[in-house]
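Chemist: In our numbering, the protein residues as written are 716 to 1107. Please see the structure below; I have some questions.
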């Protein structure tokens, strides 16, 4: 089945924005390890907003919880579109990313625990479970027509499920307190959004305004607020017809450029702000570092492909169209780009233990780099053994 026009546009933009994203990563690392580091960190820690309704946060929070909610909104819109009429419209295709994501969370956590059970690092088992959706999609989109679009969609769906799983893990195991009144208000707003969809309300403004309240309530509940973008996306009306442009498609079109060329580069610039130290480097060979690196690189690769194989053998799922197992291995590696979500969990796992946090950050950076390079190489080589790729 052919891809939707907007999904093609998304990855076309990402292919060029991926270069900008990598450039921002390098710039951020240079800043963090120069005389500009202190000033840049001061800027990220500067609180902006208003005390009214408790909306005064550091710049970094506005970027990671605010701007990235818009990124999740866009990807959520794309996933819903594919569920309705694209690659994920059949149960077998739609179920595979779910099975793969479960394996991609469980196996890394087990590998980390093997290294660290009974040590001071045991609480960090959630670190290698996460996939950085922004960076993984940017890397795979840079491959362009070398791989089938179905593989790109599979990774996008996998990363969404993976991130939702990571958010759930954070909420249950790493959140000190959940404010249930705000969480109940979030459920109420979510219900309202889907009632509007049921009533066939097509004006997007009637979804965006409640969506802002949803973000606010989720953020104050203690749960990572980016999930608001996914919930909002799945409430936006669409249709299976190519004749009439749906509200979902209109919103997609408006979001492509700002997300690809503004939000993702800003995200990369502010979240790669890691200052290297000798202690950090030494920690890469500790059980903490080995658990994170092996969990993200080997754990994701084994977990995603093992659970995918089981689901396919049981005839519950099928391989993405025109794809190969070598390409699935490449996706498994790209999913090992844990990066910002893994760093976030590391900060929650080792609160007030700065040295352990720094060691974890460096291990995550190493693992993400290995996963990105290895995944990119394998997917590039896979195109040579599968010449009959569908056209993008």
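No residue lacks a Cβ here, since even glycine has one placed at the ideal position from N, Cα and C. On a predicted model such as this, the values are computed, not experimentally measured, just so you know.
Three or more C-beta pairs closer than 8 Å, one from the region 781 to 798 and one from the region 936 to 946: is that the case here?
Modeler: Result yes; three or more Cβ-Cβ pairs closer than 8 Å.
Chemist: For the region 919 to 929 against the region 758 to 767, do three or more pairs of beta-carbon atoms, one drawn from each stretch, fall closer than 8 Å, so that the two count as touching?
Modeler: no
Chemist: Classify residue 716 as helix, strand or coil using the three-state DSSP reduction.
Modeler: For residue 716, the predicted structure reports a pLDDT of 43, less than 50, and the residue's modelled location is therefore unreliable. A value from the coordinates is still provided. Three-state DSSP puts residue 716 in coil, outside helix and strand.
Chemist: Cα separation between residue 842 and residue 1062?
Modeler: For residue 842 and residue 1062, the distance between alpha carbons rounds to 9 Å.
Chemist: Where residue 777 and residue 1059 are concerned, what is the direct C-alpha to C-alpha distance, given to the nearest angstrom?
Modeler: 15 Å
Chemist: Grouping DSSP H, G and I as helix and E and B as strand, with all else coil, what is residue 790?
Modeler: helix
Chemist: What is the DSSP secondary structure of residue 1105, reduced to helix, strand or coil?
Modeler: Residue confidence is low: residue 1105 scores 44 on pLDDT, short of 50, so the model does not pin down where it sits. Its coordinate-derived value is still stated next. Of the three classes helix, strand and coil, the one that applies to residue 1105 here is coil, per DSSP.
Chemist: Alpha carbon to alpha carbon, how far is residue 928 from residue 1050?
Modeler: 31 Å
Chemist: Would you identify the three-state DSSP class for residue 916, choosing helix, strand or coil?
Modeler: coil
Chemist: Could you pull the DSSP bridge partners for residue 762 from this structure?
Modeler: 773
Chemist: May I ask you to report which of helix, strand or coil DSSP gives residue 985?
Modeler: helix
Chemist: Short of 6 Å in beta carbon distance, which residues of its chain neighbour residue 1071, apart from the five on each side in sequence? Order them along the chain.
Modeler: 1065
Chemist: Once the 5 residues before and after residue 769 are set aside, which same chain residues still bring their CB inside 8 Å of it?
Modeler: The answer, listed in chain order, is 935.
Chemist: Please report the distance separating the alpha-carbon of residue 853 from that of residue 847.
Modeler: 10 Å
Chemist: Is it true that the CB of residue 822 sits closer than 7 Å to the CB of residue 1014?
Modeler: yes
Chemist: If you pair each beta-carbon of the region 1018 to 1026 with each one of the region 805 to 823, do three or more pairs fall below 8 Å?
Modeler: yes
Chemist: Might you give, ordered along the chain, the residues of its own chain that have their beta carbon closer than 6 Å to the beta carbon of residue 858, omitting 5 neighbours on each side?
Modeler: 1094
Chemist: In or out: residue 892 buried (at least 16 other Cβ within 10 Å) or exposed?
Modeler: Exposed, because fewer than 16 other Cβ atoms sit within 10 Å of the Cβ of residue 892.
Chemist: Assuming residue 1074 contacts residue 959 under a Cβ cut-off of 8 Å, what Cβ separation, rounded to an integer in Å, is found between them?
Modeler: That pair is no contact at about 54 Å.
Chemist: Please list, in chain order, all residues of the same chain as residue 850 whose beta carbon is under 6 Å from its beta carbon, the five residues on each side excluded.
Modeler: 1052 and 1054
Chemist: Which full runs of the alpha helix (DSSP H) of 4+ residues lie inside the region 800 to 844, going along the chain?
Modeler: Counting whole runs of 4 or more residues, the region 800 to 844 contains the alpha helix (DSSP H) stretches 806 to 831.
Chemist: Can you tell me where the alpha helix (DSSP H) with residue 869 in it begins and where it stops?
Modeler: DSSP places residue 869 in the uninterrupted alpha helix (DSSP H) bounded by 864 to 884.
Chemist: Looking at the structure shown, is residue 1050 part of a helix, part of a strand, or coil, going by DSSP?
Modeler: DSSP places residue 1050 outside both helix and strand once states are collapsed to three, so it counts as coil.
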